[in-house]
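Residue numbers (our numbering), protein chains in the order written: chain A, 785 to 865; chain B, 785 to 865; chain C, 6 to 147; chain D, 6 to 147. Built from N, CA and C at the ideal position, the CB exists for glycine as well. The model shown is predicted, which means the values in this text are computed figures rather than measured ones. Data block below; observations after.
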Amino acid sequence: MSVALTLLYFASLRERTGVASEAVDTEAADLADLYGEIQARHGIAWPREHLRVAVDGEFARWQDPLRAGSEVAFIPPVSGG
Amino acid sequence: MSVALTLLYFASLRERTGVASEAVDTEAADLADLYGEIQARHGIAWPREHLRVAVDGEFARWQDPLRAGSEVAFIPPVSGG
Amino acid sequence: MPRFLLSAEPLDVAALGAGLRDPRAGGHATFEGWVRDHHAGRAVDGLDYEAYGALAEREGERIVAEAMERFDVLAACCAHRVGALAIGDLAVWVGVSAAHRGAAFDACRYIIDEVKQRVPIWKREHYREGDADWLHPVVDGP
Amino acid sequence: MPRFLLSAEPLDVAALGAGLRDPRAGGHATFEGWVRDHHAGRAVDGLDYEAYGALAEREGERIVAEAMERFDVLAACCAHRVGALAIGDLAVWVGVSAAHRGAAFDACRYIIDEVKQRVPIWKREHYREGDADWLHPVVDGP
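Set out below in structure tokens:
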């Protein structure tokens, strides 16, 4: 049973993937699993422990299940200010 | 042997003495002694321990001797800022 | 009124400060983050800020709300630039008004510290030697 | 250029801040002391500041110099009003620029703390009930 999502990429992740967002269909069980898929597909080196994850503009937990139609962002370490 | 000085008064000391400055001739041995004279003459209640003293625009010590022609200020607790 | 804002235009410090006036306030602390000409030993020419807007605004609001709960303050606000900035440009502004100065300083520092750690904004530095890099400082867990 | 000044006119915060710009600076902390509408439980309508000018300027300069020795900062300045002020008026301004924010905050706080304790400036508060009083807070010392 696959789920349709939009993925958002920022900063060096955006440069790595070459896109600011992409639509995916995934069978990943949770957000951690989803990140594993994306890491493999785009050759992203960041270990998951260094990132945070957000769903629809709110921080989420890696163990959260996927929600169809949601917007998922992997947040690399921030450097504002 | 008397010494001629100018005394400066600020804030509540100025209000108490009624003048911003006055010329005095004094036989006081040091600044502490001088303050004692002034306290008595103007009925100033402040104990010396709560004040500082300055001579010619620099903080001084109560034990410093008097210099003829200098400008002496008794500094009540400050409240700037 | 939002207490955290992202802006693609230069920040209007006078207007931001005016929004925090309060007759009960005796102290007003501010922090300005300026683009400086060096980082980690390298000469810097300028930088770009990119934000995840929706999340940055929520997390920024949350930080200002936390500061207002933790410290005895009357008003607080933070604004952060996005886009291309030159050396000396104002990147981030924090202002806090309080009855007493200790709380104003403490809240101001709390806000800038937390914003730097938690708000999804990223900096790409342009070095004088011609290359550029996104900064992703890794903080030790959890 | 003096780093501590007394002014009988309203302080020009933009000009004061501009004097502390430095391309090496990443952080700029400021403190503004505003006249507030209450003190020690009494409603306040306004106040007068009186200074022993020559000594205030020397002691103020000394304090800013101490801050620049103790903390890793690039530039610092403090300005204090004298004369009659109304509620909300700016009474004192401190600004500090530094490569990093910690030093900017610490030096800014040091300066305002020391100015309040050491610089011969006195405040006379006008209370809403009609009376007025010079403030001479006694500090346990030395």
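Residue i beta carbon near the ligand MG (any heavy atom closer than 7 Å)
i	result
Ala61 of chain D	With respect to the ligand MG, the structure shown offers nothing to examine, as it has no ligands at all.
Same chain, Cβ closer than 8 Å to residue i, five either side skipped, listed in chain order
i	result
Pro125 of chain D	Ala56, Tyr57, Leu60, Ala61 and Glu64
Asp814 of chain B	Trp846, Gln847, Asp848, Pro849 and Leu850
His105 of chain D	Gly31, Gly32 and Asp77
Glu833 of chain B	none
Arg29 of chain D	Leu79 and Ala104
Glu66 of chain C	Pro7, Arg8 and Phe9
Pro15 of chain C	Arg86, Asp94 and Leu95
Glu21 of chain D	Residue 21 of chain D is actually Leu in this sequence, not Glu. Excluding residues within five positions, the ones whose Cβ falls inside 8 Å are Cys82, Ala84, Trp98 and Gly100.
Ala852 of chain A	Val787, Ala788 and Leu789
Under 8 Å from the C-beta of residue i: neighbouring residues of chain D
i	result
His131 of chain C	Neighbours of His131 of chain C on chain D: none; closest Cβ ~15 Å, over 8 Å.
Ile117 of chain C	Arg106
Leu791 of chain B	Neighbours of Leu791 of chain B on chain D: none; closest Cβ ~12 Å, over 8 Å.
Ala838 of chain B	Tyr57, Leu60 and Pro125
Beta-carbon gap between residue i and residue j smaller than 8 Å
i	j	result
Gly88 of chain D	Ala13 of chain D	yes
Leu10 of chain C	Ala84 of chain C	yes
Thr810 of chain B	His826 of chain B	no
Val120 of chain C	Gly865 of chain A	yes
Tyr54 of chain D	Arg86 of chain D	yes
Gly107 of chain C	Cys82 of chain C	no
Ala824 of chain B	Leu818 of chain B	no
Cut-off 6 Å between Cβ atoms - residues of its own chain near residue i, not counting five sequence neighbours on either side
i	result
Asp840 of chain A	Ser854 and Glu855
Ala23 of chain D	none
Glu806 of chain B	Leu791
Ala857 of chain A	Leu792 and Ala838
Leu140 of chain D	Lys128
Val97 of chain D	Gly38 and His85
Met785 of chain A	none
Tyr115 of chain D	Ala72
Phe36 of chain C	Val99, Cys113 and Ile117
Neighbour-count burial assignment, residue i, 16 or more Cβ in a 10 Å radius
i	result
Gly38 of chain D	buried
Val143 of chain C	exposed
Glu821 of chain B	exposed
Asp111 of chain D	buried
Glu134 of chain C	exposed
Ala34 of chain C	buried
Ala102 of chain D	The displayed chain sequence assigns Ser, not Ala, to residue 102 of chain D. Classification of Ser102 of chain D: buried, given that the 10 Å Cβ count is 16 or more.
Val803 of chain A	exposed
Ile117 of chain C	buried
Ala109 of chain C	buried
Arg75 of chain D	exposed
Glu130 of chain D	buried
Own chain, CB closer than 7 Å to residue i, minus 5 neighbours either side, in chain order
i	result
Arg123 of chain C	Glu64 and Ile68
Ala795 of chain B	Pro860
Gly146 of chain C	Interpretation of Gly146 of chain C is limited by its pLDDT of 48, a score under 50 that renders its predicted location unreliable; the figure taken from the coordinates is listed afterwards. So the list is empty, once near-sequence residues are dropped.
Phe843 of chain A	Arg836
Arg47 of chain C	Tyr132
Trp830 of chain B	Pro860
Leu789 of chain B	Val808, Thr810, Leu850, Ser854 and Val856
Residue i: contacting residues in chain B (beta-carbon distance under 8 Å)
i	result
Ile126 of chain D	Val862, Ser863, Gly864 and Gly865
Val78 of chain D	Within 8 Å Cβ-Cβ: nothing; Val78 of chain D doesn't reach chain B, min ~20 Å.
7 Å Cβ cut-off: residues of chain B touching residue i
i	result
Leu140 of chain D	Ser863
Residue i: contacting residues in chain C (beta-carbon distance under 7 Å)
i	result
Ala796 of chain A	Correcting the residue type first, residue 796 of chain A is Ser in the shown sequence and not Ala. In chain order: Trp139 and His141.
Neighbour list for residue i in chain C, Cβ cutoff strictly below 9 Å
i	result
Ile859 of chain A	Tyr57, Leu60 and Pro125
Contact set between residue i and chain C, taken where Cβ atoms lie within less than 8 Å
i	result
Glu842 of chain A	Leu60 and Arg63
Chain G within 8 Å of residue i, Cβ atoms only
i	result
Arg26 of chain C	Of the chains in the structure shown, none is chain G; the protein chains are A, B, C and D.
Open item on the list: Please identify, using Cβ separations under 7 Å, the residues of the stretch 30-42 of chain C that lie next to chain D, in order along the chain.
Closed with: Ala30, Gly31, Gly32, His33, Ala34, Thr35, Phe36, Glu37, Gly38, Trp39, Arg41 and Asp42
Which residues of the stretch 92-115 of chain C have a Cβ closer than 7 Å to any Cβ of chain D? Give them in chain order. Only Ile92, Gly93, Ala104, Arg106, Phe110 and Arg114 from the stretch 92-115 of chain C bring a Cβ to less than 7 Å from some Cβ of chain D.
(request) Output, in sequence order along the chain, the residues in the stretch 7-32 of chain D whose CB is closer than 8 Å to any CB in chain B. (result) none
Practice item. Can you give me, in chain order, the residues of the stretch 43-72 of chain C that have a beta carbon less than 7 Å from any beta carbon in chain A? Key: Tyr54, Glu55, Tyr57, Ala59, Leu60 and Arg63
What residues in the stretch 820-837 of chain B have a beta carbon less than 7 Å from any beta carbon of chain D?
Answer set for the stretch 820-837 of chain B: His834.
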